[in-house]
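> Got a structure for you, written out below as structure tokens; questions coming shortly.
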Amino acid sequence: MALRRLALVVNRTKSGVEDIVRAVQEATREAGVELILADAWPVDRATLRGADACCVVGGDGTFLGVAEPAALEGVPLFGINRGKLGFLAAYPEEDVGASIRSILAGDFRREHRALLEVRFADGTFTLALNDVVLKTRDVFRMGRFAVRADGARVNEYRADGLILATPTGTSAYNLAAGGPLVDPAAAVIVLTPICAHTLSNRSVIFDGETELEISSEDGAQLGLSVDGRPTLEAQGRLPLGIRTAKVQLTLLRPKTLTHFDVLRSKLKWS
Numbered sequence: 000m001a002l003r004r005l006a007l008v009v010n011r012t013k014s015g016v017e018d019i020v021r022a023v024q025e026a027t028r029e030a031g032v033e034l035i036l037a038d039a040w041p042v043d044r045a046t047l048r049g050a051d052a053c054c055v056v057g058g059d060g061t062f063l064g065v066a067e068p069a070a071l072e073g074v075p076l077f078g079i080n081r082g083k084l085g086f087l088a089a090y091p092e093e094d095v096g097a098s099i100r101s102i103l104a105g106d107f108r109r110e111h112r113a114l115l116e117v118r119f120a121d122g123t124f125t126l127a128l129n130d131v132v133l134k135t136r137d138v139f140r141m142g143r144f145a146v147r148a149d150g151a152r153v154n155e156y157r158a159d160g161l162i163l164a165t166p167t168g169t170s171a172y173n174l175a176a177g178g179p180l181v182d183p184a185a186a187v188i189v190l191t192p193i194c195a196h197t198l199s200n201r202s203v204i205f206d207g208e209t210e211l212e213i214s215s216e217d218g219a220q221l222g223l224s225v226d227g228r229p230t231l232e233a234q235g236r237l238p239l240g241i242r243t244a245k246v247q248l249t250l251l252r253p254k255t256l257t258h259f260d261v262l263r264s265k266l267k268w269s
């Protein structure tokens, strides 16, 4: 399906983005596609409403910042990588014009990625494409975290923190903390403790239909971060309810690029 209305989100703190913006503008003008330039940050749902897709110019952090409003509006995302890793922003900055023209002509593959719904004690919620991290603010103190799955007690973790990751997010902080890599098409939630006191406390992979509850057992000062956004005070927001969200995020990817191509490139596999 050809695209007729394209939103463009640009991280202008990255060098070289103006050349990319000009290439996108030229390609959309040639194709007769309406371009919506979103300059405000964070991007809100109204900016993306009615777009056939959204192009994100920046790194994976920029991409993550657009994931929630895009998912809620049902707008597919694709990224031009100007960051360091580019797990999510799949299109290289080289020959941007050709990439944009092929996308506008419908030459892409759709991937549907699961999100986590993070519900706070006050009833508000947010969505995560990668992960939710609950961590002690005092770097010299461990926390005590109680985890329940569908109401049943799982464990009380003594650790520096907990990571709750989507399959997409298992290649991020979860991997650095010793957690498993999971195919992004899998329907699971991964819990990985950060520097757990007991060596047997390792990652647990839950069925994607599981509803988790996370609480603090010792009143430690905790920070909470969702997809790397600025850290929130966890007090007053616990217990956390975490489950797979009803909405998914659609990614537009090159037809020939697989998840394992990305892993081999970014993780320096052979």
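If you're matching positions, the sequence shown starts at 0 in numbering that gives the first Met the number 0 and goes up one per residue. Positions of the beta carbon are idealized from the N, C-alpha and C atoms, including for glycine.
Can you list the beta strand (DSSP E) stretches of 3 or more residues lying completely in the region 159 to 222, in chain order?
Correct list: 160 to 164, 187 to 193, 203 to 206, 211 to 215.
> Rounded C-beta distance between Ala66 and Asp226? I'm assuming under 8 Å.
As a position in the sequence shown, residue 66 is number 67, starting the count at 1. As a position in the sequence shown, residue 226 is number 227, starting the count at 1. Sure, about 7 Å apart at Cβ, within 8 Å.
> Leaving out the 5 sequence neighbours to the left and right, which residues in its chain are closer than 6 Å to Arg109 when beta-carbon positions are compared?
Sequence index remark: in the sequence shown, residue 109 carries index 110 (1-based). Result list for Arg109: Thr249, in chain order.
> Would you call the region 231 to 243 and the region 128 to 142 touching, i.e. three or more CB-CB distances under 8 Å?
In short, these stretches touch, since the Cβ pair count reaches three.
> In the DSSP assignment, find the alpha helix (DSSP H) that holds Gly96 and state where it starts and stops.
Within the sequence shown, the letter at position 97 stands for residue 96. It spans 95 to 103 - the alpha helix (DSSP H) in which Gly96 sits, taken as one unbroken run.
> For Pro183 and Phe139, I'd like the C-alpha separation in whole angstroms.
If you number the sequence shown from 1, residue 183 lands on position 184. If you number the sequence shown from 1, residue 139 lands on position 140. If I take the Cα positions, the gap works out to 34 Å.
> Looking at C-alpha atoms only, which residue of Cys54, Glu208, Leu211 is the closest neighbour of Arg252?
As a position in the sequence shown, residue 252 is number 253, starting the count at 1. Considering only alpha carbons, the answer is Cys54.
> Quick one: measure Cβ to Cβ for Ala50 and Ala6, integer angstroms, because I've assumed they're closer than 8 Å.
Locating residue 50 in the sequence shown gives position 51, counting from the first residue. Locating residue 6 in the sequence shown gives position 7, counting from the first residue. Yes, they are in contact, since the Cβ atoms of Ala50 and Ala6 sit about 4 Å apart, within 8 Å.
> Three or more beta-carbon pairs under 8 Å between the region 32 to 48 and the region 3 to 18, yes or no?
Output reads yes: the region 3 to 18 touches the region 32 to 48.
> DSSP on Lys293, reduced to helix/strand/coil?
Any property of residue 293 remains undetermined from this structure, which presents the chain solely from 0 to 269.
> Anyone know if the C-beta pair for Lys13 and Arg81 falls short of 8 Å?
Position 14 of the sequence shown, counted from the first residue, corresponds to residue 13. Position 82 of the sequence shown, counted from the first residue, corresponds to residue 81. Yes, they are a contact pair.
> Could you compute how far the alpha carbon of Gly168 sits from the alpha carbon of Thr191?
Taking the sequence shown and counting its residues from 1, the one referred to as residue 168 is at position 169. Taking the sequence shown and counting its residues from 1, the one referred to as residue 191 is at position 192. Whole-angstrom Cα-Cα distance: 12 Å.
> Tell me the DSSP secondary structure of Val261 in three-state form.
Along the sequence shown, read from residue 1 onward, the residue named residue 261 stands at position 262. Correct three-state label for Val261: helix.
> Do Val117 and Ile193 have their C-beta atoms closer together than 8 Å?
Sequence index remark: in the sequence shown, residue 117 carries index 118 (1-based). Sequence index remark: in the sequence shown, residue 193 carries index 194 (1-based). Result no, Cβ atoms of Val117 and Ile193 do not sit closer than 8 Å.
> Glu17 to Ser199, Cα distance in whole Å?
By one-based count along the sequence shown, residue 17 stands at place 18. By one-based count along the sequence shown, residue 199 stands at place 200. Cα to Cα, Glu17 sits roughly 50 Å from Ser199.
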